[in-house]
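Student: One structure coming up, written as structure tokens, with questions to follow.
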Amino acid sequence: MNETLSTEVNVPAIDGERLWQTLMELAVIGGTPKGGCNRQALTELDREGRELLIRWCEAEGLTVRFDAIGNLFARRDGSNADADPVVIGSHIDTQPTGGKYDGCFGVLAALEVIRTLNANGIETERPIELVSWTNEEGCRFAPCMMGSGVFAGQLTLEDALSRTDVDGITAGEALEAIGYVGDDANRPGRFAAYLEAHIEQGPILEDEGKTIGVVTGALGLKWFDVTVTGMAAHSGSTPMHLRQDALLGATRVVEAVNRIALAHQPDGRGTVGAFQLLPNSRNVIPGQVTLSVDFRHSEGEVLDAIVTEFRQTLDAIARETGLSIEIAPTADYPPQHFAADCIAAVRQGAQANGYAHRDIVSGAGHDAVFIGDIAPAAMIFIPCEKGISHNESEYAAPEDVTAGANVLLHATLNLAGLAAGAAA
Ligand SMILES: [Zn+2]
Numbered sequence: 000m001n002e003t004l005s006t007e008v009n010v011p012a013i014d015g016e017r018l019w020q021t022l023m024e025l026a027v028i029g030g031t032p033k034g035g036c037n038r039q040a041l042t043e044l045d046r047e048g049r050e051l052l053i054r055w056c057e058a059e060g061l062t063v064r065f066d067a068i069g070n071l072f073a074r075r076d077g078s079n080a081d082a083d084p085v086v087i088g089s090h091i092d093t094q095p096t097g098g099k100y101d102g103c104f105g106v107l108a109a110l111e112v113i114r115t116l117n118a119n120g121i122e123t124e125r126p127i128e129l130v131s132w133t134n135e136e137g138c139r140f141a142p143c144m145m146g147s148g149v150f151a152g153q154l155t156l157e158d159a160l161s162r163t164d165v166d167g168i169t170a171g172e173a174l175e176a177i178g179y180v181g182d183d184a185n186r187p188g189r190f191a192a193y194l195e196a197h198i199e200q201g202p203i204l205e206d207e208g209k210t211i212g213v214v215t216g217a218l219g220l221k222w223f224d225v226t227v228t229g230m231a232a233h234s235g236s237t238p239m240h241l242r243q244d245a246l247l248g249a250t251r252v253v254e255a256v257n258r259i260a261l262a263h264q265p266d267g268r269g270t271v272g273a274f275q276l277l278p279n280s281r282n283v284i285p286g287q288v289t290l291s292v293d294f295r296h297s298e299g300e301v302l303d304a305i306v307t308e309f310r311q312t313l314d315a316i317a318r319e320t321g322l323s324i325e326i327a328p329t330a331d332y333p334p335q336h337f338a339a340d341c342i343a344a345v346r347q348g349a350q351a352n353g354y355a356h357r358d359i360v361s362g363a364g365h366d367a368v369f370i371g372d373i374a375p376a377a378m379i380f381i382p383c384e385k386g387i388s389h390n391e392s393e394y395a396a397p398e399d400v401t402a403g404a405n406v407l408l409h410a411t412l413n414l415a416g417l418a419a420g421a422a423a
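Note that the sequence shown covers residues 0 to 423 in numbering that gives the first Met the number 0.
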């Protein structure tokens with residue numbers, strides 16, 4: 000990384016108006032009456048969105064290709080054809096009640112970076128590849144982050160293509176129907192770096208009045224299904240001291256999840272989000288409760304310690320209440336620690352532009368979290384109103400959209416380097 004880039008070259012400003020217009024134009028495809036966007040992966044609307052993006056990329060002289068899961072790559076050559084590319088982008092699929100910014104901001108900020116380089120005649124040493132990953136949201140076809148997951152080896156291509164939607168259509172059939180089955184030979188090889196700009200999808204930047212989040216990594220997560228079993232019995236004829244009430248035990252589990260997460264701040268998270276009661280009847284003592292548990296933390300050892308404490312606490316609850324408590328793991332992803340060089344390039348981009356910024360850890364999953372396992376990566380967050388996303392009312396202010404793209408441009412130039420003799 001070139002630590003002194005900002006003093007060597009006048010990094011131009013991106014065109015905020017042009018970027019905003021482009022964002023609004025893409026959002027028309029699948030636009031909802033409430034101002035959001037419903038453009039789910041591998042649908043006809045996804046095809047329309049891809050076609051618009053490709054038109055914009057080709058207008059900038061980029062070479063567009065697809066791999067076998069439909070990930071889109073658009074290449075801007077560098078002066079050194081053999082150099083590994085700097086890859087920038089995100090995704091353009093949305094949730095059914097999605098907004099205009101989640102994912103699309105990262106892809107169109109990447110497009111804006113390329114438009115700005117072209118408009119200013121700036122040649123980089125490394126090639127730059129814009130990427131739009133297939134099916135990040137995972138709503139029509141699970142799992143989420145499908146395209147980047149296949150790319151990074153988190154799941155196989157065969158597995159991904161065999162996933163079905165509610166109508167029994169496979170992801171492979173849907174990808175073929177929209178005409179975006181490509182060839183893995185089209186993939187760029189090794190990445191010199193991967194940068195993804197994204198709305199924060201949380202409330203921290205807005206709360207602290209910061210414009211840019213320098214994303215240093217992502218929380219690891221461990222998910223469990225917990226089953227508390229007692230004895231269903233008549234609520235009138237069973238005296239209080241002879242009950243085995245599964246719900247009473249389950250409420251202690253809920254309390255423990257919250258207490259343990261609170262003891263590991265600022266990065267600890269603990270959530271019970273799903274809760275089922277059997278038989279769920281007014282005059283029956285609950286015989287069984289199943290609930291979901293979601294723990295997250297930025298450090299693997301701390302996450303392990305959280306889970307150890309959780310298991311010990313559940314053992315104690317079972318002993319004290321006479322209930323049986325079973326714990327089944329359902330998901331386990333380690334924390335992601337992004338590459339120091341990429342993080343520094345983002346931070347320098349924020350500093351050079353004079354934007355208020357802070358380091359931040361992503362609590363949500365992103366394509367960059369998978370790509371970070373196979374390449375140096377980092378992310379740039381901008382605030383979104385009230386932290387709301389996956390919602391039609393999702394909103395990012397134009398000045399923050401502009402700021403995020405300026406940081407992406409600066410960091411991309413830093414990592415891609417200028418062609419020999421091109422320094423201003
Ligand atoms: Zn996203």
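The beta-carbon is built from N, C-alpha and C at its ideal position, and this holds for glycine as well. Nothing here was measured: the structure is a model prediction, and the numbers come from that model.
Using a Cβ distance threshold of 8 Å, determine whether the region 100 to 112 contacts the region 124 to 133, with at least three qualifying pairs required.
Tutor: Segments in contact, yes.
Student: Contact between the region 44 to 56 and the region 153 to 164 is defined here as three or more beta-carbon pairs at a separation below 8 Å; is this criterion met?
Tutor: Short answer: they don't touch.
Student: Is the Cβ-Cβ distance between leucine 18 and alanine 304 less than 8 Å?
Tutor: No, the Cβ-Cβ distance between leucine 18 and alanine 304 is not below 8 Å.
Student: Which of helix, strand or coil does DSSP assign to glutamate 24?
Tutor: Correct three-state label for glutamate 24: helix.
Student: Shorter than 7 Å, the distance from the beta carbon of aspartate 101 to the closest heavy atom of ligand 2, or not?
Tutor: The model on display carries ligand 1 but not ligand 2.
Student: Find the nearest neighbour of tyrosine 179 within the set Gly286, Ala40 and Ala260, judged by alpha-carbon distance.
Tutor: The option with the nearest alpha carbon to tyrosine 179 is Ala40.
Student: What residues match up with glycine 30 in a beta bridge as DSSP calls it?
Tutor: Note: glycine 30 sits in a beta bridge opposite Cys36.
Student: Given isoleucine 373, which residues of its chain have a CB within under 6 Å of its CB, disregarding the five upstream and five downstream residues?
Tutor: Around isoleucine 373: Ala151.
Student: Would you call the CB atoms of isoleucine 87 and leucine 407 closer than 8 Å?
Tutor: A contact, by the Cβ cut-off of 8 Å.
Student: Under 7 Å from any heavy atom of ligand 1, does the C-beta of glutamate 135 make it?
Tutor: The answer is yes for glutamate 135.
Student: Could you work out which residue in Ala141, Phe223, Phe65 and Leu174 is closest to glycine 431 when comparing CA atoms only?
Tutor: Absent from the structure is residue 431, since the part of the chain shown begins at 0 and ends at 423.
Student: Is histidine 365 near ligand 1, in the sense that its beta carbon is under 7 Å from a heavy atom of that ligand?
Tutor: Under cutoff, so the answer is yes.
Student: Quick check: the Cα distance between threonine 312 and alanine 245, rounded to an integer number of angstroms?
Tutor: Rounded to whole angstroms, threonine 312 to alanine 245 spans 16 Å at the Cα level.
Student: Would the beta-carbon of serine 89 be found less than 7 Å away from any heavy atom of ligand 1?
Tutor: Answer for serine 89: yes, Cβ within range of ligand 1.
Student: Do glycine 201 and glycine 386 come within 8 Å of each other at the CB atom, strictly closer than that value?
Tutor: Closer than 8 Å, so yes.
Student: Thinking just about the alpha-carbon of each residue, which of Pro32, Thr307, Gly286 and Ile359 is nearest to the one in glutamate 205?
Tutor: That would be Ile359, whose Cα lies nearest to the Cα of glutamate 205.
Student: By how many angstroms is the C-alpha of glycine 235 removed from the C-alpha of alanine 249?
Tutor: If I take the Cα positions, the gap works out to 21 Å.
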